[in-house]
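K.L.:
Structure below; questions to follow.
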Amino acid sequence: MIKQFLKFSPLMLFFAVVPFFLPEGRAGSYYLTLMILSGAYAIAALGMTVLLGYAGQVSLAQAAFFGIGSYAFSILAVKYGQDFWLSLFGAVVIALIFGALIGLLVLRLRTHYLALVTIGFQIITNLVLNNWDFTGGSDGISGIPRPSLFGIDFMSDQNFYWLTLVFITLAAFVVYRLRYSLLGSTLLALREDEIAASTSGISVVAAKILAFSVCAGLAGLGGAFYASGSMYISPNVYTFSQSVTIFAMVLIGGQESIVGTILGAALLIFLPEMLRFLHDYYIAVYGLAVVVIILFMPKGVYGSLASGAEWGWQKLFAQRQTEIPTASTVQQAPPEKAAVRSDEVILKISDLHKYFGGVKAVQGVDITIRRGDVVVLIGPNGSGKTTVLNTMSGIYKATRGEISFCGHDIVNKSAHQISRLGMSRTFQNIRLFAELSVIENVAIGFYPKATVGVVGTLLLRPKGLREDRQAEEKAKQTLLLLGLDRFHEKAKNLSYGEQRIVEIARAIISDPEILLLDEPVAGMNREEKIRLSGILRTISGMGITILLIEHDMSFVSEVSTYLYVMDYGRLISEGVAREVLKDPAVIQAYLGGEIEDA
Amino acid sequence: MLKVDNISASYGKVRAITDVSLEVREGEVVALLGVNGAGKSTTLKTISGLLRTQDGSIHFQDERIDRLSPEKIARRRIVHVPEGRRLFPGLTVRENLIMGTSNHKVSKVDLNHRLDYVLEIFPDLKPLYSQLSWSLSGGQQQMVAIGRGLMADPVILMLDEPSLGLAPVIVKQVFKTIRDINARGVTVLLVEQNAHLSLQVAHRAYLIETGRIVREDDADTLLHDENLQKEMLGAGF
Amino acid sequence: MQEFIQLTVAGLAIGSIYALVALGFVLIYTTVDVVNFAQGDFAMIGAYFMVTCVLSWGLPWWLAFVISVVLAAIAGVVFQLLIYQPVKNRPRSFVPILIATVGASIFIEQAYLIMYGAVPYQVPGMFSVQTVSLGGITLYSQYLAIIVITAALVVLLSWFLEKTKTGLQMQATAQDPDTAKLMGIHTAWIAALVFAISAGTGGLAGILVAPVFNVSISMGSSIALKAFAAAVVGGFSSVRGSIIGGLIIGLVETYGATYISGSYRDAFAFIVLIVFLVFRPYGLFGEKTSDKV
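Residue numbers (numbering that gives the first Met the number 0), protein chains in the order written: chain L, 0 to 597; chain V, 0 to 236; chain D, 0 to 292.
Now the structure itself:
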């Protein structure tokens, strides 16, 4: 963990020696001040990397959190005469609390609604700063102190700059640690696919609040450094357009890149200086630049340059990567639960109804599943099978009816709660976290088992590191068990069949009681189907009960222990495959009867 | 009339159909049969221009159409009734029907004739005329969807799983309607998984499996083929 | 009582302005699924066209009015081609479009600052008489003009959207763009039309409010943010919703500024916005929809 983080050290070292190369006198000290301010903004922008880059949530209120940090720090330090470090801590905590509150407020909101609430918060915050006596109104606060520690006086710009650099490194570490921890992967899951995240046992609520808190906390830290760095603050720093600027810093850096964000912050603070010859045209050029970057550089300036450099590097030194070992023979997993069937009913659906507008998708379905069964739900397209699955797993709320699972009534439970009770699933049109690697996709399924909290993760508690490793190990094992070893490939680059396998691996890594599969072999060729039926046997052998929706009848007769048949939202037959498939009602539902007897 | 030659298409990196060829002649009902995920709908989407082909060509009345936009294809009276009805939920039944005529200019008189014609085929729609379409039942929605297709004055009507999710009685009505529409001179390309019923209205049929056409035959021959069930749904039946 | 009526008329007038801009947001959002953060700039553009037509060229008010609205509509189409078309097919296109429109907004405002300078312009209203007396109550004539013209426009627009084939096609494209294409609807043309209409109504709003606020580069964004709130209150989905949302925001802001606190004038709209988004995110008239898997 720390070793990998050291790859940032050249950049930090570079920044650390910059002061030695600045010109003497006024110009030099002016540039140094700018660099301190860039540093403060970089910390806030790193917060946006977490929120926007990782969690995929939009916020145009970063300047407000930045302001809350600045004012909290300044009021604590100036009005209450608190020590620098305590004020700094207070600034982070207060901003973080505001962030958590906003996160809580916007739980159900997405895209532009989210952007709107944050804009609203931004503008109200700015109005309050301007009008409240306590914050000094439009005059702001002056005489903000700088710290001293272990006898080092940080009053000088140079020393304070280095201090800022230390804190940028700390902030970068927090962000980096989040990115590569099980906890942080919940944020990425949230960004990639909220539904798949929640059926993998991730609480969307908790993930959003985490993202907003971390984002605001870092803004608060940056804000405190801004206040202490410039020693004077006023409301006109913390405006909506400043929020846009911070947003642009992240964007120029390329959303997910830590280095990019830091460089983006430096660039946007220095840009006005570099464009000074443009006079009034500066802001117009800046707006235009933002548009052009968005239109032509989807990965951000830094991202585009970096991938360009990589491309060139590969062109020049066309080294083949070391050959990936071919799929080792499928390992037999030690059965973790007794692989025997029992009469214990683990899932019972009674009189389930689900309507969409005028369309009655499911009307009165009863299904009973016993431990160890492989139950198959068949029926023509549109007969309501997937709706049953979606209602079971908490994606839809049932219009009427009851579902009990392992003794819990789950009709009103949310998807992640149901998942944590031991129900995993895959989707008809595969829902993987497309931009994440295979191993990350699968490891996310392990998250509900993790016990270490946010603080533990960030403070590098050994337990957290151990759990991260454990998740990775288990993910590798599960994937190898299912016969896939392209661990570090992005999920979106896999073939259809491989994506299926990753999705199944993600579902079973948490050792669920029951696994729901929605048309797992649709679109697969014979070989892949044979492979998948082997996989299902393995899973069943691990003691996991299976419910699947399927069309391929040879596959169905091969794997099923019990069959339910649906047509137009109702059950029309049930029993063992041999008999059910001979039922005239079933044949007619699938192949149709005679037209004329209507 | 419609000739599809060796087309292939993908969703992102996932290949959906490979080297699909088929032909529809004037006045025919041609069925394209296969299970879920076999590539039926994908084939229709490439014909109507919603999905780009990667290989091969599509000709309609001797004009190459596989690089045209969906709206240009619709203007050539190739009308695609999409899977799952896809009505405009916030518009009334009547407004949905009128939207069907977006592919050509139509006079007020013609419009009313066309509406009457659809009501003649689907008399059940009359009392629902000014209802918003999301409130209709699945069967009613399917009638509106086919009616909307007919409003476009199709030369060829492509129906994607018109029986999807409907009660058996309604399903039979739908197939009768298809026969009826064909009798009025509309060529039909029908995508279905309900093989028996489709073969009863179709003249010819293609079987598609994992993105490839595996068989082409007369509807009658297929209808009486004992192995059809197995070919379509696997050996279990 | 007299003050209350005057405030109400003022609130309705300013609310009408918000409503017109909100209408533009909603039309664009429902048809092409884009929230255009530069919407307010159309109001500013319209107002500056008015400045040029009336102050520089000395055109009569009505002629200047028509020309300015048309030019604003054309600006909308240009905006659509330059900003929306290139990014519309990006994956998760919401973020790039958001930033592109925000960036465009910055650019447009600064470009106008360079062209027209920072000093606000004063533009004449529709009537030469400043005030009228109705039953002993003195009212600004421009306020009445705003209310009447907005009402007329809303009737016209509702008729267009609900009764004409093109209007229905716009609705159809909004509800299901792929199927609309299958029906032969030229969705790219519809998108251009939508931008033209919403930029036109935005421009109209700017022209109407110009005599009240004066014309400056900051007028666009301040109107836009309130109009957002209006659109949210109205449910972000209908003409009716936007109008009522706009009027509510206008009244809340005017009463709030007078009876509660003048310096927090700009906060009221956002408080309403946040309350709505949190407790009733689908607005007064929007429908609760669950997205299918």
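Backbone N, C-alpha and C fix where the C-beta goes; we use that ideal spot for every residue, glycine too. Keep in mind it's a predicted model, so treat the numbers as computed, not measured.
Considering only DSSP beta bridges, list what D159 (chain V) is partnered with.
P.N.:
For D159 (chain V), which the question treats as bridged, DSSP gives the partners V:V190.
K.L.:
Output needed in chain order: residues of the region 85-97 of chain V with a Cβ under 7 Å from some Cβ in chain D.
P.N.:
Cβ contacts with chain D come from R85, F87, P88, G89, L90, E94, I97.
K.L.:
Within a Cβ cutoff of 8 Å, which residues of the same chain sit near I534 (chain L), ignoring the five residues on either side of it in sequence?
P.N.:
So the qualifying residues of the chain are L481, G482, I500, I503.
K.L.:
Between which two residues does the alpha helix (DSSP H) containing I529 (chain L) stretch?
P.N.:
Its alpha helix (DSSP H) spans residues 525-540.
K.L.:
Roughly how many angstroms lie between the CA atoms of L85 (chain L) and S73 (chain L), to the nearest whole one?
P.N.:
Computed Cα separation, rounded: 11 Å.
K.L.:
Output yes or no for whether 7 Å exceeds the beta carbon distance between A144 (chain V) and A30 (chain V).
P.N.:
No, Cβ-Cβ distance for A144 (chain V) and A30 (chain V) is not below 7 Å.
K.L.:
Could you name the residues of the same chain whose beta carbon sits closer than 6 Å to that of G199 (chain D), not counting the 5 residues immediately before and after it, in chain order?
P.N.:
Once the five neighbours on either side are set aside, the close Cβ partners of G199 (chain D) are V68, A71, A72.
K.L.:
Ignore the nearest five residues each way along the sequence and tell me which others in L31 (chain L)'s own chain have a CB closer than 8 Å to its CB.
P.N.:
Excluding positions up to five away in sequence, the list reads P18, L21, D156, Q157, Y160.
K.L.:
I'd like to check one pair, V91 (chain L) with L177 (chain L): are the Cβ atoms closer than 7 Å?
P.N.:
No, they are not a contact pair.
K.L.:
So within the region 56-141 of chain L, which uninterrupted alpha helix (DSSP H) runs reach at least 4 residues, ignoring any that extend past its ends?
P.N.:
Entirely contained in the region 56-141 of chain L, the alpha helix (DSSP H) runs reaching 4 residues are, in chain order, 61-73, 83-104, 110-130.
K.L.:
For the region 108-125 of chain L against the region 52-70 of chain L, do three or more pairs of beta-carbon atoms, one drawn from each stretch, fall closer than 8 Å, so that the two count as touching?
P.N.:
With a cut-off of 8 Å, the region 52-70 of chain L and the region 108-125 of chain L count as touching, because enough Cβ pairs lie within range.
K.L.:
Nearest chain D C-beta to P69 (chain V) closer than 7 Å, yes or no?
P.N.:
Interface residue, yes.
K.L.:
Using the beta-carbon count (16 or more within 10 Å), is H415 (chain L) buried or exposed?
P.N.:
By the 10 Å Cβ count, H415 (chain L) comes out buried.
K.L.:
Just to check my reading of the structure: I604 (chain L) and T477 (chain L) have Cβ atoms closer than 8 Å, yes? What is that Cβ distance to the nearest angstrom?
P.N.:
For chain L, the structure presents residues 0 to 597; residue 604 (chain L) sits outside this window and is missing.
K.L.:
Under 7 Å between beta-carbons, which chain L residues line up against V13 (chain V)? List them in chain order, please.
P.N.:
Y495, listed in chain order.
K.L.:
Please go through the same chain and pick out, in chain order, the residues whose beta-carbon is closer than 8 Å to the beta-carbon of H407 (chain L), but skip the five residues on each side of it.
P.N.:
Only L420 meet the Cβ criterion.
K.L.:
For E335 (chain L), which three-state DSSP category applies?
P.N.:
Here the model assigns E335 (chain L) a pLDDT of 47, short of 50, so the residue's position is not dependable and the matter cannot be decided.
K.L.:
Report back the beta-carbon spacing between L156 (chain V) and V185 (chain V) to the nearest angstrom; my notes put them in contact at under 8 Å.
P.N.:
5 Å between Cβ atoms; contact.
K.L.:
Is there a C-beta anywhere in chain L that falls below 7 Å from the one on I248 (chain D)?
P.N.:
False, the Cβ-Cβ gap to chain L never drops below 7 Å.
K.L.:
Rounded C-beta distance between A21 (chain D) and A229 (chain D)? I'm assuming under 8 Å.
P.N.:
That pair is a contact at about 4 Å.
K.L.:
Taking only runs that begin and end inside the region 102-141 of chain V, name each unbroken alpha helix (DSSP H) of 4 or more residues, in chain order.
P.N.:
As far as the region 102-141 of chain V is concerned, its whole alpha helix (DSSP H) runs of at least 4 residues are 107-120.
K.L.:
Just to confirm before moving on: does the CB-CB distance between L600 (chain L) and A206 (chain L) stay below 7 Å?
P.N.:
Limits of chain L in this structure are 0 at one end and 597 at the other, which puts residue 600 (chain L) out of reach.
K.L.:
Using three-state DSSP, classify M47 (chain L) as helix, strand or coil.
P.N.:
Helix.
K.L.:
Check the Cβ of G146 (chain V) against every Cβ in chain L and list those closer than 9 Å, keeping chain order.
P.N.:
Here the premise fails: no neighbours, minimum Cβ distance about 17 Å.
K.L.:
From L:H352, L:L126, L:E512, L:A171, pick the residue whose C-alpha is nearest to that of F7 (chain L); which is it?
P.N.:
Comparing Cα-Cα distances from F7 (chain L) to each of L:H352, L:L126, L:E512, L:A171, the minimum goes to L:A171.
K.L.:
Tell whether a beta-carbon distance below 7 Å holds between R370 (chain L) and E343 (chain L).
P.N.:
For R370 (chain L) and E343 (chain L), yes; Cβs fall inside 7 Å.
K.L.:
Tell me which same chain residues have a C-beta within less than 6 Å of the C-beta of V153 (chain D), skipping the five on either side of it?
P.N.:
Answer for V153 (chain D): I242, listed in chain order.
K.L.:
With three or more beta-carbon pairs closer than 8 Å as the criterion, would you say the region 29-47 of chain D touches the region 251-271 of chain D?
P.N.:
With the cut-off at 8 Å, the region 29-47 of chain D and the region 251-271 of chain D do not touch.
K.L.:
V116 (chain L) versus chain D: which residues are under 8 Å apart at the beta carbon?
P.N.:
Chain D residues near V116 (chain L): L272, I273, L276, V277.
K.L.:
Using 7 Å as the limit for Cβ to Cβ distance, is A597 (chain L) near chain V?
P.N.:
Unreliable placement is indicated for A597 (chain L), whose pLDDT of 38 sits below 50; no coordinate value is reported for it.
K.L.:
Quick check: what's the CA-CA separation for K336 (chain L) versus E471 (chain L)?
P.N.:
Any reading at K336 (chain L) needs caution, since the residue's pLDDT is 47, under 50, leaving its predicted position unreliable; the model's value is listed next. So the alpha carbons of these two residues sit roughly 22 Å apart.
K.L.:
Please report how far the alpha carbon of D177 (chain D) lies from the alpha carbon of L36 (chain L), in whole angstroms.
P.N.:
Between D177 (chain D) and L36 (chain L), the C-alpha separation is close to 49 Å.
K.L.:
How about T258 (chain D): is its C-beta nearer than 7 Å to some C-beta of chain L?
P.N.:
Strictly speaking, residue 258 (chain D) in this sequence is Tyr, with Thr absent from that position. Taking Cβ atoms only, chain L never reaches closer than 7 Å to Y258 (chain D), which makes this a no.
K.L.:
Per the DSSP calculation, E161 (chain D) is bridged to which residue(s)?
P.N.:
Note: E161 (chain D) sits in no beta bridge, so no partner.
K.L.:
To the nearest angstrom, how far is it from the Cα of G600 (chain L) to the Cα of F93 (chain D)?
P.N.:
Lying outside 0 to 597, the shown extent of chain L, residue 600 (chain L) is not represented and no answer is given.
K.L.:
If you reduce the DSSP assignment to three classes, tell me which class K396 (chain L) lands in.
P.N.:
Residue state, collapsed to three classes: coil.
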